[in-house]
C-alpha cells in the first residue's frame, strides 16, 4: 500500500504535502517546477517530482505522528496503571491514593527514575515492574524522542520570531533563518524547555513538598537524570499528580537536550567539512577523477556526484549499487540511457 | 591540521588506511584502481581516491578511539571516586570499604541506577552527585556508546565465523557476509552480550549476595535498565567490587541493544525502499527527469544522482549547494567544466 504512494513520481508531491499536515509542511513543501533552462534548474525541477522520496520514513508509513504517540503512551500508562492497581497490595511503601499511586509508580518505573518510595513486594509485582520498565525504555527511546523532536521543531520558529522580534523579519525570513541554523535553534529550544522544567519542578517541591530550595533542586536533578536515589521524592497527593506529568516530560526533555547537544557537535564538524570541500580549489586531477564517462568534460551531474562523495553524503557502495541497475538498463552499452534502451525487452525488472 | 590529510586526494587512501589500524580496517579498506574502461569502473576508480572523505568523522579527528574512551572513563571514575572519598562522611547508608564505596557510589550515580543504598547527606555531596550524574550521562551517551559500537562490530566477525563454522567460509566470505547483513549481526551480537551479562549478574547476586534466583533476576533487571529501586542492591564487599564493573558494562550493553533494535528497524525499511527503487521499471518521464543537461540521453552520473535522490540519500538542498559551486566554476557557461574553466581567474576560492 505504501508503495502505491510513490508509484507515479509526478503525483508524489501532492501525496507528500497532504501528509505533512502539521507545522512543518510550510518548511518542507516546495513549489513544483519543471522548467529546463540551466543545468541547476533542471536538477531542481527534474528531481522535485520525487521530493517525497527524500524522506523514506514518511513513505513507508514509518513517520510517527504526534497524536499516535500520545495515544500509544496513554494506552501504555493506562494498562500499566491498571496492572499495578490490581497488585496494589503487593506494592509496599509510602501510599496516598490507590489509583494515583498506580499511575505514579508506573511513570517512575517506565522513566527508570525508580525512587524506591514504592517498591514491588511479590513475584508477580516484581515481574510486572521488569516487563514495564523494558517496554517503557523502548517506548521512551523510540516514540517519545520523535515526539519531542516534533515539539522542539515547532517551537523553534516561535523562538526565532521572539529573538528577531525587533528586526521585523518576514515569515519567509524566519523560515529561512530556522532552516539555516536548524540545529542551533533546536539545541537552544531544548535548553530553554529544560530550564523551565527545572525551575517549575524545584518551585513545586519547595512549595508543595516542603523541601528547602537546595533539596528541591537536588531532587529535580536526581529525577530528570533518572537517578532517583529515593531519599527525596514526591510523597503527597498533589505532589504525585504533578510528578506523574512532570517526570515524564522532564526526563524526555533532558534526553532530548543531550541528543541536540550531540547533533550540534556533529553539525559543526559537518559544516566545516562542507565549507572546506566546497571552497577548495579544483585541480586538474580532480577534474579527471570527476569525469566519469571520460569525455574530457565534467557535466553538472558528474560534479554533483564527485562533490557529494567528497562530502561523505554518498559512498562507493551506493554508487556501485545504482550502477548495477544502470548497466542492466543500458542495453546497447552506449554508456548512456536513451528511450531506445527503455523499449528494449531487457529493460524490465531485474 | 586535519585539512592537510585530504589536501591531495591521491594520498588520502594511504592516510585513511593508516588511521584504520583496528579490526575494521580490513572491512573498510579497498584496493585503489584507476582504470577507465566502463562508466562503472570509472566511478569506482575516479572516486576511490577521495575514499577517506566518506567518513568525515575520521578526517576531522572526531573518531573516538577505544583506548581514549577507556582512559577518559578511568579518569572520570578516578576523579569521581576521589571526590566522593573526600566527602565520605557526608554520604549515609550501608558502607563497606571507604575507597570501594566511593567507586561504587560513583558508578551507581553516573549510570543513573541510583539504588539509594548510599545517598549524599550534605549540600556539598549532593551538589557533587548532581554534577557527576550530568557529566556521567553525557559521557555514557557519547563516548561509551561509540566504544560499545566498536566492540560489537569487532565481535560480529567472530559471531559470523561461529555460525558458519561448518560451512568452511573463507575469511573473505565472512567479511562479505558481515557487510551485507551488518545491522542484523550487530543486533544479534548485542543480544548475546546482554544475555550473558544478565546470566552472570543473576548468578552472582544468587551466589554472593544471597538473593533467591528470582530476586537476583529482578535486581539485575532493575539495575541494567537503571531503574534502581534500591530494595535489592549490592551490599557486600565482593558484591560492590563486582558491581562497579558489571553495572557499567551491562547498562551500556542494554542501551546498545535498544540502539541496535532501532537500527535494525530502520535498516529493514531502508532495504525495502532500496529494493523497490532499484527494481521498479524506468519510465520515459523518469528519463526526462534524470536528464539534467537536457541532451536527450541519461549519462551514468545523471542516473546515479537521480536514483540516489529517489532513495533519499541526497536531497535537493545538497544538490543546490554543490550546483552553486559548479556555476561559479563554469566560467564559460558551457554547462560543463573543462580544463579551460580551471585556468580562468574566476576559478579561485569563492
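Protein chains in written order, with my numbering: chain Y, 1 to 350; chain W, 1001 to 1350.
For every residue, glycine included, the Cβ atom is placed at its ideal position computed from N, Cα and C.
Here the structure is a predicted model, which is why all the values come from computation and not from measurement.
8 Å Cβ cutoff, residue 1084 of chain W in contact with chain Y: Here residue 1084 of chain W is taken as the residue at index 84 of the second chain, counted from 1. So no, residue 1084 of chain W is outside the interface.
Residue range of the beta strand (DSSP E) that includes residue 119 of chain Y: Locating residue 119 of chain Y in the first chain gives position 119, where the first residue counts as 1. Its beta strand (DSSP E) spans residues 118-120.
Chain W contacts made by the stretch 323-343 of chain Y, where a contact means CB separation under 7 Å: 323, 325, 326, 327, 329, 335, 336, 337, 338, 339 and 342
Among Y:274, Y:94, Y:269 and Y:188, the one whose alpha carbon lies nearest that of residue 260 of chain Y: Here residue 260 of chain Y refers to the residue found at position 260 of the first chain. When each option's Cα is compared against that of residue 260 of chain Y, the closest is Y:188.
Backbone CA spacing between residue 1339 of chain W and residue 291 of chain Y [nearest angstrom]: By 1-based counting over the second chain, the position of residue 1339 of chain W is 339. By 1-based counting over the first chain, the position of residue 291 of chain Y is 291. Cα to Cα, residue 1339 of chain W sits roughly 11 Å from residue 291 of chain Y.
Beta-carbon proximity check, residue 1123 of chain W vs residue 217 of chain Y, cutoff 8 Å: The residue given as residue 1123 of chain W occupies position 123 in the second chain. The residue given as residue 217 of chain Y occupies position 217 in the first chain. Their beta carbons are not under 8 Å apart, which means residue 1123 of chain W does not touch residue 217 of chain Y by this criterion.
Residue range of the beta strand (DSSP E) that includes residue 1092 of chain W: In the second chain, residue 1092 of chain W corresponds to position 92, counting from 1. Element bounds for residue 1092 of chain W: 1091-1093.
Boundaries of the alpha helix (DSSP H) in which residue 97 of chain Y is found, first to last residue: On the first chain, position 97 is the one that residue 97 of chain Y refers to. Looking at the DSSP string, residue 97 of chain Y is not in any alpha helix (DSSP H), and its letter there is neither H nor E.
Cutoff 8 Å: residue 1185 of chain W Cβ touching any chain Y Cβ: Within the second chain, residue 1185 of chain W is the residue found at index 185, counting from 1. No, residue 1185 of chain W does not count as interfacial toward chain Y.
Helix, strand or coil at residue 1330 of chain W according to DSSP, with G and I counted as helix: On the second chain, residue 1330 of chain W is found 330 positions in, with the first residue counted as 1. Coil.
For residue 1298 of chain W: DSSP bridge partner residues: Translated into positions along the second chain, residue 1298 of chain W becomes position 298. Bridge partners of residue 1298 of chain W: Y:337.
Minimum C-alpha distance to residue 264 of chain Y - residue among Y:181, Y:243 and Y:101: For the purposes of this step, residue 264 of chain Y is identified with residue 264 of the first chain, where counting begins at 1. With distances taken between Cα atoms, residue 264 of chain Y lies closest to Y:181.
Start and end residues, alpha helix (DSSP H) containing residue 80 of chain Y: As a position in the first chain, residue 80 of chain Y is number 80, starting the count at 1. 66-86 is the extent of the alpha helix (DSSP H) around residue 80 of chain Y.
Reduced DSSP category for residue 1050 of chain W - H, G, I as helix; E, B as strand; rest coil: In the second chain, the residue the question calls residue 1050 of chain W occupies position 50. For residue 1050 of chain W, the predicted model reports a pLDDT of 35, less than 50, meaning its position is unreliable and no value from the coordinates is stated.
Exposure of residue 1158 of chain W, with buried meaning 16 or more beta-carbon neighbours within 10 Å: The residue you call residue 1158 of chain W lines up with position 158 of the second chain. Exposed is the call here.
Short-range partners of chain Y found in the stretch 1073-1102 of chain W, where Cβ spacing is below 8 Å: none
Burial state of residue 1104 of chain W (16 or more Cβ within 10 Å): For the purposes of this step, residue 1104 of chain W is taken as the residue at position 104 of the second chain. Buried is the call here.
Limits of the unbroken alpha helix (DSSP H) element including residue 1315 of chain W: In the second chain, residue 1315 of chain W corresponds to position 315, counting from 1. Counting along the chain, residue 1315 of chain W falls outside any alpha helix (DSSP H), and DSSP gives it neither H nor E.
Any C-beta of chain Y under 8 Å from that of residue 1114 of chain W: Residue mapping note: residue 1114 of chain W aligns to position 114 of the second chain, counting from 1. Yes, residue 1114 of chain W lies at the interface with chain Y (some Cβ there is under 8 Å from its Cβ).
Assigned secondary structure, residue 1342 of chain W (DSSP; H/G/I helix, E/B strand, else coil): Looking up residue 1342 of chain W in the second chain gives position 342. Looking at residue 1342 of chain W - three-state DSSP - the assignment turns out to be helix.
Sub-8 Å separation of residue 329 of chain Y and residue 1282 of chain W beta-carbons: Along the first chain, one-based indexing puts residue 329 of chain Y at 329. Along the second chain, one-based indexing puts residue 1282 of chain W at 282. Going by C-beta atoms, residue 329 of chain Y is nearer than 8 Å to residue 1282 of chain W.
Residue-level contact to chain Y via CB, residue 1230 of chain W, 8 Å cutoff: In the second chain, residue 1230 of chain W corresponds to position 230, counting from 1. Yes, residue 1230 of chain W lies at the interface with chain Y (some Cβ there is under 8 Å from its Cβ).
Ordered list of alpha helix (DSSP H) runs contained in the stretch 1168-1252 of chain W, each at least 4 residues: 1171-1180, 1182-1207 and 1213-1224
Residues near residue 211 of chain Y by beta carbon distance below 7 Å, same chain, minus five either side: The count along the first chain starts at 1 and reaches residue 211 of chain Y at position 211. If we look at residue 211 of chain Y and ignore the five residues flanking it on each side, its Cβ neighbours are 205, 219 and 232.
Touch test, the stretch 1075-1093 of chain W against the stretch 1101-1120 of chain W, Cβ-Cβ under 8 Å, three pairs minimum: yes
Proximity to residue 1071 of chain W [Cα-Cα], best of W:1101, W:1127, W:1088 and W:1139: Start at 1 with the first residue of the second chain, and residue 1071 of chain W comes out as number 71. Ranking the options by Cα distance to residue 1071 of chain W, first place goes to W:1139.
Distance between residue 1198 of chain W and residue 306 of chain Y (C-alpha atoms, nearest Å): Looking up residue 306 of chain Y in the first chain gives position 306. Looking up residue 1198 of chain W in the second chain gives position 198. When rounded, the distance between both Cα atoms is 48 Å.
Within chain W, partners of residue 214 of chain Y - CB distance below 7 Å: Working through the first chain from its first residue, we reach residue 214 of chain Y at position 214. 1123, listed in chain order.
Residue 1023 of chain W at chain Y interface by Cβ criterion, 8 Å: Stepping through the second chain from its first residue, residue 1023 of chain W is reached at position 23. For residue 1023 of chain W, the pLDDT reaches just 36, beneath the cut-off of 50, and the residue's location in the model is therefore unreliable, although a value from the coordinates is still provided. So no, residue 1023 of chain W is outside the interface.
Span of the alpha helix (DSSP H) around residue 1132 of chain W: Along the second chain, one-based indexing puts residue 1132 of chain W at 132. It spans 1123-1139 - the alpha helix (DSSP H) in which residue 1132 of chain W sits, taken as one unbroken run.
Best match in W:1148, W:1175 and W:1113 for proximity to residue 1133 of chain W [C-alpha to C-alpha]: Locating residue 1133 of chain W in the second chain gives position 133, counting from the first residue. Taking only the C-alpha atoms, the option nearest residue 1133 of chain W is W:1113.
Alpha-carbon spacing of residue 276 of chain Y relative to residue 1065 of chain W, whole angstroms: Along the first chain, one-based indexing puts residue 276 of chain Y at 276. Along the second chain, one-based indexing puts residue 1065 of chain W at 65. Cα to Cα, the separation comes out at about 24 Å.
Closer than 8 Å to chain Y by CB, residue 1106 of chain W: Stepping through the second chain from its first residue, residue 1106 of chain W is reached at position 106. So no, residue 1106 of chain W is outside the interface.
Contact list for the stretch 1294-1311 of chain W against chain Y, Cβ threshold 8 Å: 1294, 1296, 1297, 1298, 1299, 1300, 1301, 1302, 1303, 1304, 1305, 1306, 1307, 1308, 1309, 1310 and 1311
Collapsed DSSP secondary structure at residue 1261 of chain W in the structure displayed: Counted from its first residue, the second chain places residue 1261 of chain W at position 261. The answer is helix: DSSP assigns residue 1261 of chain W an H, G or I state.
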